[in-house]
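*Asks:* For the sequence shown, the residue numbers in this note's numbering are -13 to 243.
Glycine included, each C-beta is placed from N, C-alpha and C at the ideal position.
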Amino acid sequence: MRYALILLLLLLATSAAGANLDFTLHKLDSGRPGPTILVVGGVQGDEPGGFSAAALLISHYRITSGAVWVVPNLNFLSIIRCSRGVYGDMNRKFADLDPGDPEYAAVQNIKHIITDPRVDAVLHLHDGWGFYSPTTVSDWQCPQRWGQSVIIDQDTLDAKRFGNLGELAATAAAAANEHLYDPIHAYHVKNTHTRELENENRQGDVQDPDVFRPRQPEAGLRRRGQQELAPGHAHLLPPARHRILSPLLRRDLRADL
Ligand SMILES: [Zn+2]
């Protein structure tokens, strides 16, 4: 299955931009009015749930209003090599990056797309580690984990559209929870309170989300991809382990998992 999905990504890239390993942008436009949502997958090549879900949007979905732009393979070389990051973690390269970095062009290009004025919101798809739970059930199901959660940085923000992050995330999680394979897969909203922590960080250290790094292949790849997409049916907000980024927070992409 893993190889089939990688092949799908490869075919998508080949058809869209020639046979190279640059990421591809697929604009799925309904031709009808509505917002434009950017979905990004594959910033880390060892998180197949994220890039597989993004690829499935292109191959299996028809957009009925507005537009969905999809970058399914942001760190394509790392996906092909099943590596978190051949040149390091790309998700840590959005704030500052040496122009000599091999991924400098890719990072600049995706930032250009993220800040496109036509984009109303950005969903950044990842694969989670364990199961986020607001209460501690076990080492793998506790507030420190990231899996099965819609991740937001703050409850609301001042944005033209989609500023009600908490409400959107809660709605998407509830929709996903209507179609669970197993109760342990229940979705939650995980608010990182990044802005408040950044303010506090001026006096101290912010917890590094990377402290929980080991992976838990708790479900097959196809199931994980489906779980990622489940709430998208209702809201075009595929939530699992995603960060919902508003235009004002796009620069914080680096702060993700
Ligand atoms: Zn990740």
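Enumerated in chain order, which unbroken segments of the alpha helix (DSSP H) with a length of 4 residues or greater are wholly contained in the stretch 26 to 97?
*Replies:* For the stretch 26 to 97, whole alpha helix (DSSP H) runs of length 4 or above, ordered along the chain, are 34 to 46, 62 to 66.
*Asks:* Indicate the three-state DSSP secondary structure (helix, strand or coil) for L109 in the structure shown.
*Replies:* It is a strand residue.
*Asks:* Check H245 in the structure and name its three-state DSSP category.
*Replies:* Here the chain comprises residues numbered -13 to 243, so residue 245 is not present and cannot be evaluated.
*Asks:* Does the pairing of the stretch 4 to 16 with the stretch 92 to 108 give three or more beta-carbon distances under 8 angstroms?
*Replies:* Cβ pair count under 8 angstroms is three or more, so yes.
*Asks:* Using 9 angstroms as the threshold, is the C-beta distance between L24 and V123 below it?
*Replies:* Going by C-beta atoms, L24 is not nearer than 9 angstroms to V123.
*Asks:* Looking at L113 and ligand 1, is the gap between the Cβ and the nearest heavy atom below 8 angstroms?
*Replies:* It should be noted that the sequence gives Asp, not Leu, for residue 113. D113: yes, Cβ under 8 angstroms from ligand 1.
*Asks:* With distance defined between alpha-carbon atoms, name the residue in L154, D144, A92 nearest to S135.
*Replies:* Nearest C-alpha to S135: L154.
*Asks:* Assuming I49 and D15 make a contact with CB atoms under 8 angstroms, what is their CB distance in whole Å?
*Replies:* Confirmed, about 7 angstroms.
*Asks:* With DSSP run on the structure shown, which of helix, strand or coil describes N6?
*Replies:* Coil.
*Asks:* For the candidate residues A40, S69, Q127, H179, whose alpha-carbon lies nearest to that of L111?
*Replies:* Per the Cα distances, A40.
*Asks:* According to DSSP, D15 sits in a beta bridge with which residue or residues?
*Replies:* Per DSSP, A53.
*Asks:* Measuring from the CB of V123, is there a heavy atom of ligand 1 at a distance below 8 angstroms?
*Replies:* V123: no, Cβ never under 8 angstroms from ligand 1.
*Asks:* Return the bridge partner residues of V123 from the DSSP annotation.
*Replies:* V123 is not bridged to any residue.
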